[in-house]
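Scroll down for the structure; my scribbles are underneath it.
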Amino acid sequence: MAHPDLAAALRAVLPADCVLTQDEELRPYECDGLPVFRQRPAVVVLPRAAEQVRQVLLTCNRLKVPVVARGSGTGLSGGATPHAQGVLLSCARMNRILEIDPAGRTARLEPGVPNLRVSEAAAVHGLFYAPDPSSQIACSIGGNVAENSGGVHCLKYGLTVHNVLGVRGFTMDGEPLELGGRAADGPGLDLLALTIGSEGLLMVVTEVTVKLLPRPPCVRLVMASFSEVHRAGDAVAAVIAAGIIPAAMEMMDRKAIAAVEPFVHAGYDLSAAAILLVEADGTAEEVAGQVAEIEQVLRDAGASTLCVASSESERARFWSGRKNAFPAAGRLAPDYYCMDGTIPRRHVGKVLDAIAAMEIHYGLSCMNVFHAGDGNLHPVILFDANQTGSWERADRFGAEILELCVELGGTITGEHGVGVEKLNSMCVQFSPAERAAFLAVKEAFDPAGLLNPGKVIPTLARCAEYGRMRVHGGALPHADLPRF
Amino acid sequence: MAAHAERRPLRLRGAGTKDFYAESLAGEILDTRPWQGIVSYDPSELVITARCGTALSEIEQALAAHGQLLAFEPPGFAGDPTIGGVIAAGLSGPRRPYAGAARDFVLGTTLLSAAGERLRFGGQVMKNVAGFDVSRLLCGSLGILGMITEVSLKVLPVPRAEATLRLELPAAAALEAFNRWAGAPLPLSGAAWWRGCAWVRLSGAPAAVRAAREHLGGEVPDAQSAGQFWSALRDCRLPLFEHEVMWRLSVPSATPSLELPGEPLIDWGGALRWYADPPAQLDVRALAVAAGGTAQCWRGASPTGRFHPLPSAVATLHARLKQRFDPHGIFNPGRLAAGL
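Printed below as a string of structure tokens:
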């Protein structure tokens with residue numbers, strides 16, 4: 002049961018149109034981009050200004066009501082799944098670009114500004130905002146800060162944490178907090194880095210200052226196909242070993258190619274086991290040199306076909322397959338489940354072999370797209386939620402992939418976050434003492450535990466239960482699967 | 015562990031190159047240097063992992079052998095710091111505005127906690143958002159939350175070409191130029207102003223460096239004096255640093271010249287301003303704040319401490335984090351701020 006005074010208390014501090022309580026008004030907020038987790042919140046609030054956010058927090062803190070902040074709801078780990086007794090705080094109406102400073106190359110933004118709009122607004126100054134998650138048309142800067150979002154260009158330009166200079170907002174008790182700023186180095190602990198990627202557990206951000214970079218005048222894309230996945234993986238390592246840091250380096254496996262090609266007609270080699278897309282950007286002279294080097298390295302690494310996009314429209318067409326991988330998955334099966342593990346790059350062949358074995362074991366198909374440059378793998382498991390047991394199998398399949406990532410020295414999430422989705426996997430990656438340290442951080446910012454509770458940090462009891470489920474009679478499940 | 019049991023304060027110390035740095039030194043010295051050595055380094059993964067006591071020179075040599083480097087250009091000051099000290103201090107050199115700061119290259123850390131447990135945060139991969147980013151919190155923490163015993167860092171290829179330009183410019187014109195150039199696609203890797211001259215370093219593809227050199231003009235000092243300038247700048251060894259009192263102001267890069275007497279040393283394309291011996295009656299901190307930045311008393315005494323004071327909400331979070339990570343205050347007490 003929600004707190005009986007909650008709606009009235011919120012209406013006392015917000016305009017009437019900022020508080021939603023009707024069932025049909027709440028429904029659009031019941032899930033984020035991972036719709037297997039659904040929960041209707043008690044109340045949705047849509048503040049227009051930082052002061053209104055503060056009033057919401059003061060009210061909820063007084064009534065001991067949980068608050069879940071949400072950007073555009075494109076997150077893929079259930080990080081914005083509402084709390085049944087809680088308030089869902091949508092930042093969608095706080096979507097103004099407050100300032101663009103071309104001389105200092107910064108932009109000051111409200112949290113609801115969509116990612117792509119920042120680069121669009123900066124374009125007149127020859128500047129752009131580098132992180133470009135695939136949902137960038139819709140996803141908000143506030144959500145990017147919460148998730149430390151990446152994109153296809155992180156290898157060269159970094160993640161959100163490398164491109165945000167400062168945030169302003171409030172802790173759960175309504176205390177204003179300003180971390181970082183337009184100056185490079187601040188005193189004290191780097192609480193800004195701690196807050197970025199904290200999935201809304203530490204503070205509610207109401208303003209973000211980002212760094213803008215000069216837009217590279219020239220961009221070119223090389224596409225190469227390989228007859229073996231291992232060879233494509235080795236080619237990625239060879240590019241890096243040659244001292245080249247491409248703007249992007251993406252890989253798709255045979256299933257992903259087969260899924261997208263009929264859909265977007267990108268011109269992919271359907272006979273390939275894997276294709277690589279390698280992008281170079283910079284000045285014309287710089288790019289010409291780098292493209293020649295990339296071609297040479299890929300040829301030496303055994304690429305079966307190689308081509309450089311000859312025009313901007315061809316470049317866009319080559320990218321279109323990669324960018325439409327998820328919608329294409331939606332055409333192949335009623336439901337798909339996108340995973341997000343990161344591994345040391347050298348293990349990519351091994352992981353793809355293991356995933357192929359898991360497909361047989363779980364009786365589900367899986368296609369793979371891969372931010373190969375930074376080792377971030379997105380296996381997309383295809384399933385049908387209407388079939389009994391299908392989601393459970395997909396869930397176990399996904400968890401198994403993540404556990405393999407951890408075994409290989411990688412991580413359970415490269416850019417999508419833990420949310421509610423990967424709570425069990427957190428038990429695998431972190432020891433009880435490490436999880437206690439996360440809890441210590443949480444308690445320092447939010448002693449009452451009201452901000453986005455139940456996310457990111459699993460309870461001891463949950464991990465104990467998950468441990469019992471994974472190991473029966475002292476043996477790991479699915480001993481038939483290859484493990485490394 | 016013994017220190018924890020007896021609640022005996024420890025002063026974590028590597029090579030001691032930063033004994034002059036930060037607030038007070040207290041506690042029994044725990045020399046981190048015996049815990050040394052590179053644990054793993056695979057050049058094609060762009061990651062190196064080393065124990066805290068490993069000398070920076072050893073890491074830089076291992077990287078150089080494979081044509082790679084630590085792009086944040088950590089200062090060594092008068093010696094050869096340990097990598098643990100480099101990360102605990104979190105200081106970066108002239109390349110910082112263009113390549114990133116120390117914290118931007120931290121991928122993972124292992125922490126020896128107050129309870130004697132070994133905690134691992136982050137990892138050895140480029141992208142990792144599992145749990146809070148405690149690794150980056152530890153970068154610059156000056157050891158107050160525990161002892162960093164191992165660190166994994168992202169490394170980058172050594173740029174193919176490098177060139178230094180020197181242009182005679184007044185400070186105001188240099189500041190304007192640095193910011194204009196940083197907004198253009200130029201391969202900048204350093205921009206400083208010192209004694210009437212702007213020093214600009216370009217690093218990257220040979221074609222890009224050549225084109226930028228022609229575009230920017232200026233004279234090209236010989237490689238030796240250019241190298242000496244950048245390393246003296248990185249290690250705070252320029253003559254200005256002979257002064258007893260040094261202030262380091264971190265401000266937005268496009269901030270015009272500050273109303274402070276004496277010639278500054280400008281680094282980071284305008285984002286870092288060094289001043290020697292400002293008159294005692296001048297409120298340097300207020301000037302920095304007015305510009306949107308902060309001021310640190312790098313060397314010498316300041317009645318308000320060396321670091322810029324923390325706003326109260328931020329100070330509260332510091333106290334709570336310290337209390338939870340190091341409840342008995344055994345790690346580097348007072349090094350970051352009194353009471354922490």
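Line order of the protein sequences matches chains V and F. Using my numbering, read the first sequence as starting at 2 and increasing by one per residue. Using my numbering, read the second sequence as starting at 15 and increasing by one per residue. Built from N, CA and C at the ideal position, the CB exists for glycine as well. As the structure is a prediction and not an experimental result, all values here were calculated from the model.
Please go through the same chain and pick out, in chain order, the residues whose beta-carbon is closer than 7 angstroms to the beta-carbon of residue i, but skip the five residues on each side of it.
i	result
V:C464	C428
F:H80	P57
V:G350	V230, H231, G234
V:V407	I413, V429, Q430
V:F129	S120, A123, L213, L214, R216
F:Q50	R65, G67, T68
V:G475	With a pLDDT of 41 at V:G475, under the threshold of 50, the modelled position of this residue cannot be trusted, and the question is left open.
V:G187	G181
V:D18	none
Output needed for residue i: all residues of its chain with C-beta closer than 8 angstroms, excluding positions within five of it in sequence on either side, in chain order.
i	result
F:R22	A16, G41, E42, I344
V:M340	L378, H379, P380, V381, I382, G399, I402, L403
F:E273	L301
V:P433	L461, C464
What does a CB cutoff of less than 6 angstroms around residue i pick up in its chain, not counting 5 residues either side in sequence?
i	result
F:L335	none
V:V370	M253, A257, A326, H379
F:G192	Rather than Gly, the amino acid found at residue 192 of chain F in this sequence is Phe. Once the five neighbours on either side are set aside, the close Cβ partners of F:F192 are A205, G283, G284.
V:P103	H126
V:G244	none
V:H473	In this prediction, V:H473 has a pLDDT of 48, which is less than 50 and means its spatial position is unreliable; nothing more can be read from the coordinates.
V:L110	I98, I142, V209
V:G151	L160, E416
What residue does the beta strand (DSSP E) around residue i start on, and which one ends it?
i	result
V:H372	366-372
V:H379	377-384
V:Y158	Careful: V:Y158 lies outside any beta strand (DSSP E), inside the alpha helix (DSSP H) at 155-158.
F:W282	Run containing F:W282: none; DSSP gives neither H nor E here.
V:W320	Segment 313-324 is the alpha helix (DSSP H) holding V:W320; no beta strand (DSSP E) there.
V:G167	165-171
F:T31	Unbroken run through F:T31: none, as it is neither H nor E.
V:S226	219-227
F:W312	308-313
V:E179	177-181
Is it buried or exposed for residue i, if we count other Cβ within 10 angstroms and need 16 for buried?
i	result
F:M352	It should be pointed out that residue 352 of chain F corresponds to Ala in this sequence rather than to Met. Counting Cβ neighbours within 10 Å, F:A352 comes out exposed, since fewer than 16 surround it.
F:E176	buried
V:E100	exposed
F:E59	buried
V:M95	buried
F:E258	exposed
V:K65	exposed
F:Q238	exposed
F:V234	exposed
V:A293	exposed
V:T389	exposed
For the alpha helix (DSSP H) holding residue i, just list the boundary residues, first then last.
i	result
F:E355	Because chain F here runs from 15 to 354, residue 355 of chain F falls outside it and cannot be looked at.
F:L230	220-230
V:G290	285-301
V:L27	24-27
V:M427	424-430
V:C61	51-64
V:I142	142-148
Let me check you understand the geometry: is the CB of residue i closer than 7 angstroms to at least one non-hydrogen atom of the ligand COA?
i	result
V:M340	In the structure on display, the ligand COA does not appear, and there are no ligands present to speak of.
- Which residues, taken in chain order from the segment 423-445 of chain V, show a beta carbon closer than 7 angstroms to some beta carbon of chain F? M427, Q430, F431, A434, E435, A438, F439, A441, V442, E444, A445
Check your understanding: Can at least three beta-carbon pairs, one atom from the segment 70-84 of chain V and one from the segment 407-417 of chain V, be found at a separation below 8 angstroms?
Key -> yes
| request: Compile a chain-ordered list of the residues in the segment 94-106 of chain V whose CB is closer than 7 angstroms to at least one CB of chain F. | output: P103, A104, G105, R106
Any contact between the segment 203-215 of chain V and the segment 118-138 of chain V? By contact I mean 3 or more CB pairs, one from each, below 8 angstroms. yes
Worksheet item: Is it true that the segment 206-215 of chain F meets the segment 242-260 of chain F, where meeting means three or more beta-carbon pairs spaced less than 8 angstroms apart?
Response: yes
Can you pull out the residues from the segment 367-383 of chain V whose beta carbon lies closer than 7 angstroms to at least one beta carbon of chain F?
D375, G376, N377
### Query
Should the segment 291-310 of chain F be regarded as contacting the segment 112-124 of chain F, the criterion being three or more beta carbon pairs within less than 8 angstroms?
no
- [ ] With 8 angstroms as the C-beta to C-beta threshold (strictly closer), list the residues of the segment 308-323 of chain F near chain V in chain order.
- [x] T308, Q310, F321, H322, P323
**Message:** Taking contact to mean 3 or more Cβ pairs, one atom from each stretch, closer than 8 angstroms, check whether the segment 53-70 of chain V and the segment 6-16 of chain V are in contact.
**Reply:** yes
Exercise for the section: Determine which residues of the segment 271-286 of chain F have a Cβ less than 8 angstroms from any Cβ of chain B, and write them out in chain order. Expected result: No chain B is present in this structure, whose protein chains are V and F.
**Request:** For the segment 158-183 of chain V, enumerate the residues whose C-beta is nearer than 8 angstroms to any C-beta of chain F, in chain order.
**Result:** G159, L160, V162, H163, T172, E176, P177, L178, E179, L180, G182, R183
Contact between the segment 147-166 of chain F and the segment 452-463 of chain V is defined here as three or more beta-carbon pairs at a separation below 8 angstroms; is this criterion met? no
Going along the segment 31-53 of chain F in order, which residues come within less than 8 angstroms of chain V, judged by CB to CB distance? none
Tell me, please, whether the segment 304-322 of chain V touches the segment 217-226 of chain V by the rule of three or more beta-carbon pairs shorter than 8 angstroms.
yes
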